[in-house]
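Undergrad:
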Amino acid sequence: MMVEKDSCMYCGCCASVCPFNAVIVTDYDVQVTDACTDCKTCVKACPMGAIQ
Ligand code: SF4
Ligand code: SF4
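Using this note's numbering, the first residue of the sequence shown is number -12, and each one after it goes up by one.
1) Output the boundary residues of the alpha helix (DSSP H) element that contains V4.
2) Just to confirm, is the Cβ distance from C33 to C1 under 7 Å?
3) Along the chain, where does the beta strand (DSSP E) that runs through V17 open and close?
4) I'd like to know if A9 contacts chain B, where contact means its C-beta is closer than 7 Å to some C-beta of that chain.
5) Is Y15 near ligand 3, going by C-beta to nearest heavy atom under 6 Å?
Below you can see the structure in the form of structure tokens.
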């Protein structure tokens, strides 16, 4: 997964919905770990369309 940092507002919605706890959101960064299965649940949840 890629995060468009210019669009991201670090709301944490992607991390909240990830079934595999694969997203780590801090105040200034979003990281997707190797636990990601590419299910795209986070893509649908992001209000900014920032994670693809
Ligand atoms: S849901 Fe979208 S805007 Fe919110 S932290 Fe995740 S990538 Fe950023
Ligand atoms: S694609 Fe699925 S597993 Fe990967 S970070 Fe998004 S919600 Fe989590």
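Built from N, CA and C at the ideal position, the CB exists for glycine as well.
TA: Looking at the atomic coordinates:
1) Taking the first residue of the sequence shown as position 1, residue 4 is located at position 17. First-last of the alpha helix (DSSP H) with V4: 0 to 4.
2) Here residue 33 refers to the residue found at position 46 when the sequence shown is read from its first residue. Here residue 1 refers to the residue found at position 14 when the sequence shown is read from its first residue. Yes, the pair counts as a contact, with Cβ atoms nearer than the cut-off.
3) Here residue 17 is taken as the residue at index 30 of the sequence shown, counted from 1. Where V17 is concerned, the enclosing beta strand (DSSP E) stretches over 17 to 19.
4) The chain inventory of the structure shown lacks chain B, comprising one protein chain alone.
5) As presented, the structure is devoid of ligand 3, carrying ligand 1 and ligand 2 as its sole ligands.
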